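Trainee: I have a structure here, written as structure tokens, and I will follow up with some questions on it.
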């Protein structure tokens with residue numbers, strides 16, 4: 022049975038609780054850094070039935086921070102602010118929040134001493150600007166930060182509770198789990214939510230949606246969420262109730278979805294990747310794999326080797342882009358290339374056989390195609406890809422694809438289908 026991750030039934034959000042998240046940092050308003058802390062916070066809040074009703078980003082400007090905090094504190098019972106708690110001149114969250122709430126700033130001697138001791142332990146003299154991190158919004162409760170120098174703060178402001186957390190992701194996650202989660206649990210009143218997940222490979226979203234029609238009829242369209250990515254779909258199912266009710270309902274719904282989706286399901290955790298699942302299957306089979314790639318330029322090998330421990334099953338790869346190297350390295354007949362073209366089922370099959378013969382793997386996967394934007398013909402347009410896998414005991418498989426999109430999408434989708442073919446071939450062996 023799949024591992025569960027907490028999340029609702031319909032969804033039964035906390036009836037009185039809605040949250041807003043404000044991320045502070047001018048770098049988050051530019052083009053070089055994405056704001057991701059809110060995703061981690063939203064997942065934690067959803068686990069306890071608290072929907073995120075608003076998210077925003079404020080630059081390192083006290084007036085802008087104050088304006089955004091004042092707006093959300095007046096509307097929402099829970100506000101979480103990330104970033105801007107460091108020691109430098111542009112770390113202005115404390116001042117902005119204080120201005121929004123009409124409060125002053127107080128320096129905590131206890132926090133100051135803790136900061137001094139922290140620097141002594143590290144063998145440094147504390148710079149004077151670090152003392153700013155001991156400043157608290159008037160009436161705030163300091164929150165311990167075991168991973169950094171910036172303490173957090175919890176502030177009660179009328180009907181609103183504000184949490185101020187540092188922006189460093191590792192520090193924010195640790196403090197959210199240690200400081201915000203117990204606060205949420207006390208107020209959840211048994212409304213915890215669990216989430217089940219299924220990962221689906223190489224299926225169009227419209228095809229998946231059509232297969233789920235019986236599930237929609239039984240449980241409603243709101244009972245499952247489909248998240249689509251390139252050649253990869255995630256199904257999320259939320260249930261609420263007592264622990265026993267959640268377990269029973271989630272098991273029932275996940276199994277129903279498995280029946281409807283079939284063998285395109287490859288994982289049951291949100292963070293499952295196809296390459297990691299293939300790696301687990303290879304380890305379980307005590308098998309090894311090699312690749313021979315043309316249009317993907319080593320992408321299949323790169324994805325396989327990004328998984329820790331992949332040396333247990335990945336032996337090596339040929340990137341044979343030219344016809345000459347297909348012949349020289351992989352033993353593909355020049356006459357075959359001349360007769361069928363380099364992008365053909367026959368050549369892909371010979372590439373797979375040559376890689377397995379030369380490198381000795383139990384399984385080999387070969388990719389040959391036209392990624393574009395040029396090089397296509399009427400009979401073999403851009404997006405034409407041929408895949409071939411050779412395995413032990415006569416196991417083999419070939420596939421001809423017509424992939425949409427630009428060059429990078431064609432390459433990625435080709436690698437996704439190649440990995441899924443390995444997964445399916447390993448399952449057939451079982």
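Residue numbers (the working numbering): 22 to 451. Idealized CB from N, CA, C, for every residue including glycine. These numbers come from a predicted model, not from an experiment.
Under three-state DSSP, which class holds residue 456?
Mentor: Residue 456 is absent from the structure shown; the chain starts at 22 and stops at 451.
Trainee: In whole angstroms, give me the CA-to-CA distance for residue 363 and residue 377.
Mentor: 19 Å
Trainee: Starting from the C-beta of residue 426, find all residues in its chain whose C-beta is less than 8 Å away, skip the five residues before and the five after it, and write them out in chain order.
Mentor: 404, 434
Trainee: Using C-beta distances below 6 Å, list every residue in its chain close to residue 91, excluding the 5 sequence neighbours before and after it, in chain order.
Mentor: 121
Trainee: So the candidates are 217, 207, 285; which of them puts its Cα closest to the Cα of residue 228?
Mentor: 285
Trainee: Following the continuous beta strand (DSSP E) through residue 384, name the residue where it begins and the one where it ends.
Mentor: 384 to 390
Trainee: Look at the alpha carbon of residue 130 and the alpha carbon of residue 149, and state the distance between them as a whole number of angstroms.
Mentor: 14 Å
Trainee: Classify residue 444: buried if its beta carbon has 16 or more other beta carbons within 10 angstroms, exposed otherwise.
Mentor: buried
Trainee: Nearest to residue 387 by CA position, among 160, 320, 124, is which residue?
Mentor: 320
Trainee: Can at least three beta-carbon pairs, one atom from the region 85 to 104 and one from the region 148 to 164, be found at a separation below 8 Å?
Mentor: no
Trainee: Are the CB atoms of residue 197 and residue 94 nearer to each other than 8 Å?
Mentor: Residue 197 places its beta carbon 8 Å or farther from that of residue 94.
Trainee: Look at residue 318 and residue 353 and say whether their C-beta atoms are less than 8 Å apart.
Mentor: One thing to note: residue 318 has its Cβ no nearer than 8 Å to the Cβ of residue 353.
Trainee: Can you give the Cα-Cα distance for residue 217 and residue 195, rounded to whole angstroms?
Mentor: 24 Å
Trainee: Count the other CB atoms within 10 Å of the CB of residue 432; is the residue buried (16 or more) or exposed (fewer)?
Mentor: buried
Trainee: Report all residues from its chain with a CB closer than 7 Å to the CB of residue 305; omit the five preceding and five following residues, and keep chain order.
Mentor: none
Trainee: Could you check which residue in 448, 420, 423 has the C-alpha nearest to that of residue 302?
Mentor: 448
Trainee: Can you list, in chain order, the residues of its chain with a C-beta nearer than 8 Å to that of residue 221? Leave out the 5 residues immediately preceding and following it.
Mentor: In its chain, beyond the 5 residues on either side, 229, 253, 254, 255, 256, 282, 285, 286, 287 have a beta carbon closer than 8 Å to the beta carbon of residue 221.
Trainee: Where residue 170 and residue 310 are concerned, what is the direct C-alpha to C-alpha distance, given to the nearest angstrom?
Mentor: 46 Å
Trainee: Taking DSSP's pairing of strands, which residues face residue 220 in a bridge?
Mentor: 255, 288
Trainee: Could you tell me whether the Cβ atoms of residue 442 and residue 408 are closer together than 8 Å?
Mentor: yes
Trainee: If we count the other Cβ atoms within 10 Å of its Cβ and call it buried at 16 or more, is residue 292 buried or exposed?
Mentor: exposed
Trainee: First and last residue of the alpha helix (DSSP H) that includes residue 344?
Mentor: 344 to 351
Trainee: Please confirm if residue 224 has its CB atom under 8 Å from at least one CB of chain C.
Mentor: The structure shown contains no chain C; it is built from a single protein chain.
Trainee: Do residue 41 and residue 75 have their CB atoms nearer than 8 Å?
Mentor: yes
Trainee: Look at residue 190 and residue 173 and say whether their C-beta atoms are less than 8 Å apart.
Mentor: no
Trainee: Use the C-beta contact count for residue 136: other C-beta atoms within 10 angstroms, 16 or more gives buried, fewer gives exposed.
Mentor: buried
Trainee: Using a Cβ distance threshold of 8 Å, determine whether the region 203 to 212 contacts the region 235 to 248, with at least three qualifying pairs required.
Mentor: no
Trainee: I believe residue 316 touches residue 390 by the beta-carbon criterion, under 8 Å. Please report the beta-carbon distance rounded to the nearest angstrom.
Mentor: 4 Å
Trainee: Using only alpha-carbon positions, find the residue among 240, 446, 168 that is nearest to residue 143.
Mentor: 168
Trainee: If you compare alpha carbons, which of 263, 99, 242, 232 is closest to residue 183?
Mentor: 99
Trainee: Near residue 224, what residues of its chain come up, given a Cβ to Cβ distance below 7 Å and the 5 sequence neighbours on each side ignored?
Mentor: 254, 285
Trainee: Tell me the DSSP bridge mates of residue 420?
Mentor: 408
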